[in-house]
Amino acid sequence: MKIPGKIPGANRIRRFARRCRNRLQPGSLILLYHRVTDVSCDPWGLCVTPQHFAEQLQVLRQYTQLTQLRRLSQDVAEGKHHRRHVVITFDDGYADNLHNAKPILERYDVPATIFIASGYVDREREFWWDELERLFLQPGALPQQLELNINGYQYQWDLGEFANYTESTYQQHRHWKAEQEDPPTPRQLVYYEVWKLLRVLPAGDRDRILDRLLTWAGMTAGSRSTHRSLSLSEVAALERGSLVEIGAHTIAHPFLCSLPLSSQQEEIYHSKAQLEELLGHEVTSFSYPFGNYTSDSVAIVRDAGFNCACATIHASVQRHSNLFELPRVEIQNWNGEEFARRLSRWFDV
Numbered sequence: 001m002k003i004p005g006k007i008p009g010a011n012r013i014r015r016f017a018r019r020c021r022n023r024l025q026p027g028s029l030i031l032l033y034h035r036v037t038d039v040s041c042d043p044w045g046l047c048v049t050p051q052h053f054a055e056q057l058q059v060l061r062q063y064t065q066l067t068q069l070r071r072l073s074q075d076v077a078e079g080k081h082h083r084r085h086v087v088i089t090f091d092d093g094y095a096d097n098l099h100n101a102k103p104i105l106e107r108y109d110v111p112a113t114i115f116i117a118s119g120y121v122d123r124e125r126e127f128w129w130d131e132l133e134r135l136f137l138q139p140g141a142l143p144q145q146l147e148l149n150i151n152g153y154q155y156q157w158d159l160g161e162f163a164n165y166t167e168s169t170y171q172q173h174r175h176w177k178a179e180q181e182d183p184p185t186p187r188q189l190v191y192y193e194v195w196k197l198l199r200v201l202p203a204g205d206r207d208r209i210l211d212r213l214l215t216w217a218g219m220t221a222g223s224r225s226t227h228r229s230l231s232l233s234e235v236a237a238l239e240r241g242s243l244v245e246i247g248a249h250t251i252a253h254p255f256l257c258s259l260p261l262s263s264q265q266e267e268i269y270h271s272k273a274q275l276e277e278l279l280g281h282e283v284t285s286f287s288y289p290f291g292n293y294t295s296d297s298v299a300i301v302r303d304a305g306f307n308c309a310c311a312t313i314h315a316s317v318q319r320h321s322n323l324f325e326l327p328r329v330e331i332q333n334w335n336g337e338e339f340a341r342r343l344s345r346w347f348d349v
């Protein structure tokens, strides 16, 4: 991957960020990323392009104090208060975190914590939401009718004329975002409704339904090179050096609220143990999949021996913040100038 060089509009970014500088209020921010890549269809807005990621890091490097999550959490534990400190985090464990994000982090000397769903390491299947995207949102022909039995309930959908999803229709709707726009065709509607149903299922049930869907579609399980998760060797390479810390993100990326206590314990404890066995040292930070958790989840994370956990509460970190419910701000694919504009507002949240 070619790392972006001179950033277009850099002078405008610097001028705008200077105007913002005096408006920033006390507090720290933890930023949430998922992927650094450019894919044609991204229904959840998980991807930031390498160019925009570089622009965002330049803004942060020039106008904030970048720090490690472990340092920030230690300062919160000690009641220390900082102004304009920022932490970079990634969730899930996509391979592009190593191949695209890390070289840019190294270029700007920016530390980051990457939370990995340990059950997806070295897995030959994509993250389950990506499998759904490949099934429903990519061009091709599907059966017109879909029926699923989930937990004793029967669900039916009719794709109508969009059972045959042409390349031109795909190009027309590939920028659709699931939580920002109404579904433009039955393809997007079925994708979103099935996603909501699978999100709350235990991993085994979820995979069985995915297998059923693949059979229905005449497709096989596999992983596109653009969507694959990290391999065992790549996790080790990701942490190599002094910039990247690995954190836990459960095993199978479940919706913790939907799981019984014993299953939550297994997901949280075992993800920590699996990563520690792989890395050869203690893993001390955690993030909740989907930002979803209960008070029991928080207690389990604390009892498992983690020092901190990140949520997705849109707020700044203060000296009184709960170490096991640290707020984060999710980042979209903004250019440097737009990112600087939003940064000035986030310090006011």
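Under the UniProt record's numbering, think of the first position of the sequence shown as 1, with each following residue one higher.
We treat Cβ as the ideally placed atom computed from N, Cα and C, and that holds for glycine.
Within a 10 Å sphere around the beta-carbon of Glu126 sit 16 or more other beta-carbons, which makes this residue buried. DSSP places His99 within a helical segment (H, G or I) once states are collapsed to three. Boundaries for Asp122: no beta strand (DSSP E) harbours it, and the DSSP string shows neither H nor E there.
Pairing Gln156 with Glu167 gives a Cβ-Cβ distance that is not under 8 Å. Contact check for Leu275 against Pro111 fails: the beta carbons are separated by 8 Å or more. In the three-state reduction of the DSSP assignment, Trp157 falls in the strand class, which pools E and B. By the CB criterion at 8 Å, Leu326 and Ile30 fall inside the cutoff.
Check the Cα spacing between Thr312 and each of Gly93, Leu32, Ser285: the tightest is with Leu32. With at least 16 other beta carbons inside 10 angstroms of its own, Glu239 counts as buried.
Take Leu189, set aside five residues on each side of it, and the residues of its chain with a beta-carbon closer than 8 Å to its own are Trp157, Pro183, in chain order. In this structure, DSSP gives Glu181 a state outside helix and strand, which the three-state scheme calls coil.
Between Asp75 and Thr37, the C-beta gap is not smaller than 8 Å, which leaves the two residues out of contact.
In this structure, Ala178 places its C-beta atom within 8 Å of the C-beta atom of Trp44. Runs of the beta strand (DSSP E) lying entirely within the region 211-290, each at least 3 residues long, are 244-248, 285-287 in chain order.
Distance check between Ser28 and each of Arg83, Tyr288, Gly140 places Arg83 closest, using alpha-carbon atoms only.
Counting C-beta atoms within 10 angstroms of its own C-beta, Gly336 has 16 or more neighbours from the protein chains shown and is therefore classed as buried. By the neighbour-count criterion, in which a residue is buried when 16 or more other Cβ atoms sit within 10 angstroms of its Cβ, Lys196 is exposed. Between Ser271 and His249, the C-beta gap is smaller than 8 Å, which places the two residues in contact.
Listed in chain order, the non-local C-beta contacts of Leu57 below 6 Å within the same chain comprise Tyr108, Val110, local neighbours out to five positions each way being set aside. Look at His314 here: in three-state DSSP terms it is coil, with no helix or strand label. For Gln145, the enclosing beta strand (DSSP E) begins and ends at 145-150.
Its Cα nearest to that of Gly152, the residue Leu201 stands out among Ile331, Phe136, Leu201. Leu135 sits away from Ala252, with the two beta carbons spaced by 8 Å or more. Secondary structure in the region 46-133: the alpha helix (DSSP H) runs of 4 residues or longer, each lying completely within the stretch, are 50-63, 69-77, 102-108 in chain order.
Counting only the Cα atoms, Ser344 lies some 10 Å from Tyr63. Just so you know, the alpha carbons of Thr185 and Leu159 end up roughly 8 Å apart.
At the C-beta level, Phe306 and Phe286 come within 8 Å of one another. A straight line joining the alpha-carbon of Trp346 with that of Ala315 spans about 7 Å. Secondary structure note for Leu189: its alpha helix (DSSP H) is the uninterrupted segment 186-199.
Pairing Tyr94 with Arg35 gives a Cβ-Cβ distance under 8 Å.
A straight-line Cα-Cα distance of about 27 Å links Met219 and Pro289.
By DSSP's assignment, Ile30 forms a beta bridge with Val87. The alpha carbon of Thr294 has as its nearest neighbour, out of Leu214, Gln154, Phe324, the alpha carbon of Phe324. In the three-state reduction of the DSSP assignment, Gly140 falls in the strand class, which pools E and B. Out of Thr284, Gly247, Glu245, the CA that lies nearest to the CA of Asp303 is found in Thr284. For Gln144, the closest of Pro103, Phe162, Leu60 by C-alpha to C-alpha distance is Phe162.
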